[in-house]
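Just so you know, the protein sequences line up as chains V and R, in that order.
Oh and the first sequence: position 184 is 183 in numbering that gives the first Met the number 0, straight run, nothing missing.
Oh and the second sequence: position 128 is 127 in numbering that gives the first Met the number 0, straight run, nothing missing.
Virtual Cβ for every residue (Gly too), placed ideally from N, Cα, C.
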Amino acid sequence: MSTPPTVWQDIARKGLWQQNPGLVQLLGLCPVLAISNNVVNALALGLATTLVTALSSATVSSVRHWVPADIRNPVFIMIIASLVTCVDLAMNAWLHELYLVLGIFIPLITTNCIVMARAEAFASRQPVREAAWDGAMMGLGLTGVLVALGALRELLGKGTLLAGADKLFGPVGQHLSLQLAGPDYQFLLMLLPPGAFLGLALLIAGKNALDARARQRQAAAANPATAGTTP
Amino acid sequence: MSRHATHIAQPVTVSRVMLKVLAALLPGIAVSVYCFGPGVLVQLLLATFTALGAEAAVLRLRQRPIAPALADLSAVVTAWLLALSMPPLGAWWMIVLATLFAIVLGKQLYGGLGNNPFNPAMVGFAVMIVSFPAQMAAWGTPLAALDATAQLQWIFTHTLPAGSSVDAISSATPLDVLKTGLLQGGQAVSQLLQQPRFGQWGNAGGEWVALAWALGGLWLWQQKLIPWRTPLAMLAGVLAVSLPLWLWQPAQYASPLFHLLNGATLLAAGFIVTDPVSGSTTPLGRLIFGFLVGVLVVVIRVFGGFPDAVAFAVLIMNMAVPFIDHTTQPRVFGRKGGRHA
């Protein structure tokens, strides 16, 4: 507790919680809202985005001294686009069924704000290892939000969890799927776009509530005399 | 206050206004019960208790005083309007879920009474019609021989006593029948309207319910609780679209009277577009708001995918209210020229 966090811990904490791309920066909302209708899609897209963010941050960081500031954005986008093309082709080859489901959202990782934002705000002025770690943590933070939202929407909308997990994990995945409600159960609102907005709003509110409670507890610990007097 | 000094103004409290709105709904409720049976009352009760419970729970979470908010009866008005828009024999969880969405999402999350940009009852209805279109389309057959116990059994357990037919509890609304009939093609409106479901004026049983809503609305206007502009403008909007269409191709489009007496048109005119919180508040704005709700109701009914359109029309226009109010501010007295006050 008393030792100050290392730079690695600090980066991890920011990516996963304090500056979470989905809940705080609200970047890359297009895939978050569109693909979070079940856990498997959300997890797959989140991991693909994480891979791209980590690799692109590392690449951008390694070339940062040779990229003229005036044309850095086109250069970054070229780097990101080539990496996304690799991921796109790889998913098409090895996770073909999932690739068909995710469709346009794989190529669209190129335009995902969070990838560009990390390249511009962090990777272009930090060493390679820190940049790669930051990209991975930001990507995992987004994946966490995607999976939480996907679980919420899948559970309330269809009464299942991890349906179609075999698309991601192979034949073993069939045992992971849970059917928690009758096969006729459907709550369409949660599967439609409004469900994504409502669910994301609930997650953001939940995070803010947790933060507020943590701050209150910290204040109480720092000054025990006034603890309990605040409303 | 003195009993004789009638010139002394009585304080107009929210709960008094809401109580009068509830009273104005009573004739319609009575006719509904006559037509569709005691199921209507069950829906009203379920909605009322859910609304009060949900309101109290959220207020507790928000650390606000609970008793005054419950006593102002606004949650009960929302609950009643919602219950009266839902199918009278819908399963119990439908009305409970709808009321939860209306009160928690439509009203309290925006800050409670006075802060909600959307009409809470219509939020609840829209959630249900989007999520459960099939269940929402199954209305009770008016004047069907289904006694009170059978209705209760159906609402709470989704089973029927032996001998009752499912037809008695799953009749489509006239708007639905007309829509599917026209989509299938081959029959003109006048032929379709021969079916018994349409009665004499286009909505067997329902037409009397609709007229009872109008009666309640007129009483509210007489009590100076609702303005005349919004409801009249809404009815004008309904006529403005349905009349030309009907005169142009009567075989394709239903008459204005059909649109007036069906669905929630008259309920909306008296009780929903007149909501002072989510509707427009300037004199010109009320005319624009009401008229466009009426136009949208017919446009969505005729050309859209859902049979009734009041909820969508009201919600769409609720979104436009800040803009309407902003651009129609009346000129301050004594000042010349200029659009804004």
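For V:Phe-186, at least one C-beta of chain R is nearer than 8 angstroms to its own C-beta. For V:Leu-191, the closest Cβ of chain R is nearer than 8 angstroms. Going by DSSP, V:Thr-52 is part of the alpha helix (DSSP H) stretching over 38-61. Here V:Thr-2 is exposed. Its C-beta has fewer than 16 other C-beta atoms within 10 Å. Around the beta-carbon of R:Arg-63, fewer than 16 other beta-carbon atoms lie within 10 Å, marking it exposed.
CA-CA distance, R:Gln-186 to R:Leu-244, rounds to 17 angstroms. Against R:Ser-130, the close residues of chain V are Phe-186, Leu-187 and Leu-188, in the order they occur along the chain (beta-carbon pairs closer than 7 angstroms). Taking 8 angstroms as the cut-off, the beta carbon of R:Val-309 is found no closer than this to the beta carbon of R:Val-294. In the assembly as shown, R:Lys-223 is an exposed residue. Its beta-carbon has fewer than 16 other beta-carbons within 10 Å. The residue among R:Gly-180, R:Ala-137 and R:Val-57 with its C-alpha nearest the C-alpha of R:Ile-102 is R:Val-57.
Using a CB distance cut-off of 8 angstroms, R:Val-292 does not count as an interface residue toward chain V.
With respect to the 8 angstroms criterion, V:Asn-40 and V:Gly-149 are classified as neighbours on the basis of their beta carbons. When DSSP states are grouped into helix, strand and coil, V:Leu-161 belongs to the coil group. For V:Leu-177, the pairing in a beta bridge is given by DSSP as V:Leu-160.
V:Leu-188 and R:Ser-130 have their C-alpha atoms roughly 5 angstroms apart. Cβ-Cβ separation between R:Met-85 and R:Gln-150: approximately 14 angstroms, too far for a contact (criterion under 8 angstroms). Across the structure, R:Trp-218 and R:Pro-26 are spaced so that their CA atoms are roughly 11 angstroms apart. Here DSSP, grouped into helix, strand and coil, assigns R:Trp-245 to helix. Within chain V, the residues placing a beta-carbon under 9 angstroms from that of R:Val-126 are Leu-188 and Pro-193, ordered along the chain.
Apart from the 5 residues on each side of it in sequence, V:Glu-96 sits with its Cβ closer than 7 angstroms to the Cβ of Lys-166 in its chain, given in chain order. Between R:Thr-229 and the set R:Lys-19, R:Phe-288 and R:Leu-260, the nearest pair of CA atoms involves R:Phe-288.
Boundaries of the alpha helix (DSSP H) harbouring R:Phe-124: 119-130, taken from the DSSP string. For R:Gly-184, there is no enclosing alpha helix (DSSP H), as DSSP marks it with neither H nor E. With 16 or more other CB atoms across the displayed protein chains lying within 10 angstroms of its CB, R:Ala-211 is buried.
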